[in-house]
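See below for the structure under consideration.
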Amino acid sequence: MLRTHTCGELRSEHVGQTVTLCGWVQKQRDKGGVVWIDLRDRYGITQLIFEEGVTDQALIDQAKKMGREFVIKATGEVVERYSKNDKMPTGDVEIRVSKLELLNGSKVPPFTIEDETDGGEDLRMKYRYLDIRRNPVREKLQLRHTMMQKVREYLNKEKFVEVETPYLIKSTPEGARDFVVPSRMNENEFYALPQSPQTFKQLLMVAGMDRYFQIVKCFRDEDLRADRQPEFTQIDCEMAFIEQEDILQTFEGMTKFLYKEIKGIELEDFQRISYDEAMTKYGSDKPDLRFGMEFCELNDLAQGKGFVVFDSAELVVGINAAGCAEYTRKQLDALTDFVKKPQIGAKGLVYVRYNEDGSFKSSVDKFFDENALKGWAEKFGAKPGDLLLILAGEENQTRKALNELRLEMGEQLGLRDKNKVAAAWVLDFPLLEWDEDTKRYHAMHHPFTAPKPEDVEKLTSDPGAVRANAYDMVINGVEAGGGSIRIHDRAMQARMFEVLGFNKEEAEAQFGFLMGAFEYGAPPHGGVAFGFDRLCAIMAGEQSIRDFIAFPKNNAGRDVMIDSPSKISQEQLDELGLKLVEPIKS
Ligand code: ASP
Numbered sequence: 079m080l081r082t083h084t085c086g087e088l089r090s091e092h093v094g095q096t097v098t099l100c101g102w103v104q105k106q107r108d109k110g111g112v113v114w115i116d117l118r119d120r121y122g123i124t125q126l127i128f129e130e131g132v133t134d135q136a137l138i139d140q141a142k143k144m145g146r147e148f149v150i151k152a153t154g155e156v157v158e159r160y161s162k163n164d165k166m167p168t169g170d171v172e173i174r175v176s177k178l179e180l181l182n183g184s185k186v187p188p189f190t191i192e193d194e195t196d197g198g199e200d201l202r203m204k205y206r207y208l209d210i211r212r213n214p215v216r217e218k219l220q221l222r223h224t225m226m227q228k229v230r231e232y233l234n235k236e237k238f239v240e241v242e243t244p245y246l247i248k249s250t251p252e253g254a255r256d257f258v259v260p261s262r263m264n265e266n267e268f269y270a271l272p273q274s275p276q277t278f279k280q281l282l283m284v285a286g287m288d289r290y291f292q293i294v295k296c297f298r299d300e301d302l303r304a305d306r307q308p309e310f311t312q313i314d315c316e317m318a319f320i321e322q323e324d325i326l327q328t329f330e331g332m333t334k335f336l337y338k339e340i341k342g343i344e345l346e347d348f349q350r351i352s353y354d355e356a357m358t359k360y361g362s363d364k365p366d367l368r369f370g371m372e373f374c375e376l377n378d379l380a381q382g383k384g385f386v387v388f389d390s391a392e393l394v395v396g397i398n399a400a401g402c403a404e405y406t407r408k409q410l411d412a413l414t415d416f417v418k419k420p421q422i423g424a425k426g427l428v429y430v431r432y433n434e435d436g437s438f439k440s441s442v443d444k445f446f447d448e449n450a451l452k453g454w455a456e457k458f459g460a461k462p463g464d465l466l467l468i469l470a471g472e473e474n475q476t477r478k479a480l481n482e483l484r485l486e487m488g489e490q491l492g493l494r495d496k497n498k499v500a501a502a503w504v505l506d507f508p509l510l511e512w513d514e515d516t517k518r519y520h521a522m523h524h525p526f527t528a529p530k531p532e533d534v535e536k537l538t539s540d541p542g543a544v545r546a547n548a549y550d551m552v553i554n555g556v557e558a559g560g561g562s563i564r565i566h567d568r569a570m571q572a573r574m575f576e577v578l579g580f581n582k583e584e585a586e587a588q589f590g591f592l593m594g595a596f597e598y599g600a601p602p603h604g605g606v607a608f609g610f611d612r613l614c615a616i617m618a619g620e621q622s623i624r625d626f627i628a629f630p631k632n633n634a635g636r637d638v639m640i641d642s643p644s645k646i647s648q649e650q651l652d653e654l655g656l657k658l659v660e661p662i663k664s
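For the sequence shown, position 92 (counting from the first letter as 1) is numbered 170 according to my numbering, and the numbering increases by one without interruption.
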């Protein structure tokens with residue numbers, strides 16, 4: 079070992095010992111008679127001191143040449159500091175250096191390696207290996223590591239077996255686009271990278287593994303956002319001989335265990351809410367339940383009074399922003415602009431101020447008198463001092479827009495408290511979703527999800543009304559995970575593919591292997607998968623998953639550090655039997 083201790087280790091009790099430390103120069107200060115170097119490694123920072131009259135002049139001169147991020151090895155005696163620094167764990171001591179060795183130099187880094195850096199996102203990603211030297215990034219990776227260990231500890235205790243499944247598989251429809259890989263040995267054929275190990279974990283249940291898990295990379299060729307990466311990690315799980323309730327209990331248990339172990343927080347039992355209720359009350363299947371502000375529908379009170387925006391709407395619905403009656407014109411205009419943004423798409427916003435003195439002022443005073451507005455306020459359960467915000471339009475679209483407004487108001491009113499945890503199961507998802515573009519039903523979760531037995535009849539008569547044994551875990555408005563009870567019967571699986579518009583041959587070609595396996599004694603089974611990167615971000619109270627991934631890709635799906643994707647040689651193309659539309663210019 080090149081060192082006797084790490085840079086985070088030394089305390090008063092080490093005074094008098096001779097130690098050797100290795101690390102990076104965080105900074106060097108030359109104060110005339112004294113030179114200090116802050117030496118940093120993963121574990122912390124220790125101060126080195128070189129002092130005229132005590133330290134060799136040659137050594138002091140050497141210390142002065144040590145620039146930021148130089149890698150050095152320093153040997154010396156641990157001494158008590160003159161002025162202690164109680165902000166640093168090692169702040170009581172410093173090392174009076176007697177020997178200094180330069181292990182490697184460094185160019186001046188392109189951004190400061192400090193908690194608050196001057197480097198923008200692109201620069202940080204290009205030099206990610208420098209970015210990871212910064213505490214906030216390193217700490218996130220360490221949190222991820224601890225989460226991984228704790229997940230394994232819990233699932234192992236619950237008798238789950240960790241099994242790896244292949245990355246080179248065949249295309250399976252799970253809602254996203256596949257990444258594909260050409261096969262050299264099988265000309266004109268392609269592997270696909272798994273969107274998830276879904277079919278494999280089901281086959282492991284047929285194989286009798288009983289309880290499977292895997293912390294596994296998944297690949298989806300989708301447009302990217304702050305909480306999405308083309309390759310991401312799942313905690314993927316499957317159980318046999320269980321019912322939905324067993325899965326909910328097991329994985330609520332896992333989440334509670336993680337919060338307890340990592341944050342020291344005892345979570346209460348999770349709320350449970352049906353998909354229908356979530357959509358009606360919050361306009362979202364992943365509601366942020368840290369606060370109420372439930373939707374209140376006004377069709378009965380607000381329609382038929384001559385206000386054409388309301389009269390022509392499928393739905394008139396609003397929220398009560400408690401205590402916001404004092405919002406200024408400017409604030410209300412800003413909210414109107416907010417709901418009119420193209421991503422949100424509302425046509426306008428109606429407000430009603432319920433003034434402290436009990437009077438009302440609204441943007442629709444022309445159509446509704448005080449009495450009418452009072453009736454609305456009662457329906458909302460509003461008090462003097464509150465502000466009603468109302469949208470109208472096509473039902474689904476209006477609910478979605480009001481969901482955004484609710485979240486915005488929650489943000490403005492400080493109701494989305496980082497330190498609060500509201501965890502819930504959203505249950506009873508619809509099995510199918512109608513897609514206007516393709517004029518077909520799509521599986522809302524995936525095609526292997528079982529319909530509720532009592533709804534199977536409706537698969538023919540009213541497919542849209544069939545509910546699934548599917549569930550999502552939602553924490554603070556973020557979908558942490560989701561899963562379902564699966565179909566384990568060949569005939570039912572074939573029926574499902576038929577409903578989804580596959581003909582027999584297509585279904586056989588794509589999923590014959592799974593349906594075939596169901597003919598050899600498939601046990602009832604079900605499972606769940608968690609977005610692991612996301613779960614780490616939720617645990618840390620962060621929005622973006624990027625810093626929880628050592629080497630993430632940017633919004634264009636590029637790794638700017640290694641510069642990928644990139645061109646490949648003509649030789650490689652020839653070997654794969656691929657021809658580019660535009661030939662490579664060499
Ligand atoms: N494979 C599913 C997904 O990735 C999860 C599951 O149903 O277990 O969303």
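A virtual CB, placed ideally from N, CA and C, is assigned to each residue, including glycine.
Not a single heavy atom of ligand 1 lies less than 7 Å from the C-beta of V229. In this structure, the alpha-carbon of E147 lies about 50 Å from that of T414. Under the 10 Å beta carbon count, G559 is surrounded by 16 or more other beta carbons and is classified as buried.
With a cutoff of 7 Å, H523 counts as near ligand 1, since its C-beta is closer than that to a heavy atom of the ligand. Residue state for C402 is assigned as coil, using DSSP reduced to three classes. Between the alpha carbons of E155 and T133 lies a distance of about 12 Å.
Taking the CA atoms as reference points, L505 sits about 21 Å from S274.
Counting along the chain, the unbroken alpha helix (DSSP H) around A479 starts and ends at E473 to Q490. In the DSSP annotation of this structure, Y337 is not part of any alpha helix (DSSP H), being labelled neither H nor E. The beta carbons of I616 and I563 sit no closer together than 8 Å.
Relative to ligand 1, the beta carbon of A152 is positioned no closer than 7 Å to any heavy atom. In this structure, E242 sits away from Q276, with a CB-CB distance that is not shorter than 8 Å. Look at the beta carbons and you see the region 618-631 touching the region 213-225: at least three pairs across the two are nearer than 8 Å.
The beta-bridge partner set that DSSP reports for Q125 consists of D116.
Beta bridge pairing from DSSP links F608 with I313 and G559. In this structure I191 is not in contact with R206, their Cβ atoms being roughly 12 Å apart against a cut-off of 8 Å.
When DSSP states are grouped into helix, strand and coil, P420 belongs to the coil group.
Taken atom to atom, the span from the alpha-carbon of I422 to that of Y160 is near 60 Å. When rounded, the separation of the alpha-carbon atoms in I313 and E240 is 10 Å. Counting along the chain, I138 sits inside the alpha helix (DSSP H) bounded by residues Q135 to K142. The distance from the Cβ of A399 to that of E434 is about 15 Å, inconsistent with a contact at the 8 Å cut-off.
The beta carbon of Q307 is closer than 8 Å to those of D611, I623, R624, I627, P630 and K631 in its chain, skipping five residues each way along the sequence. With the rule of 3 Cβ pairs closer than 8 Å, the region 636-651 counts as touching the region 189-204.
For F335, the CB contacts under 6 Å within the same chain, skipping 5 residues up- and downstream, are Y232 in chain order. Counting of Cβ neighbours within 10 angstroms places M79 among the exposed residues, the total staying below 16.
Taking every protein chain shown into account, the CB of Q106 has 16 or more other CB atoms within 10 angstroms, so this residue is buried.
In terms of CA proximity to A548, L509 leads the group D116, E586 and L509. Proximity of the region 595-606 to the region 316-329 meets the contact definition, three or more beta-carbon pairs being nearer than 8 Å.
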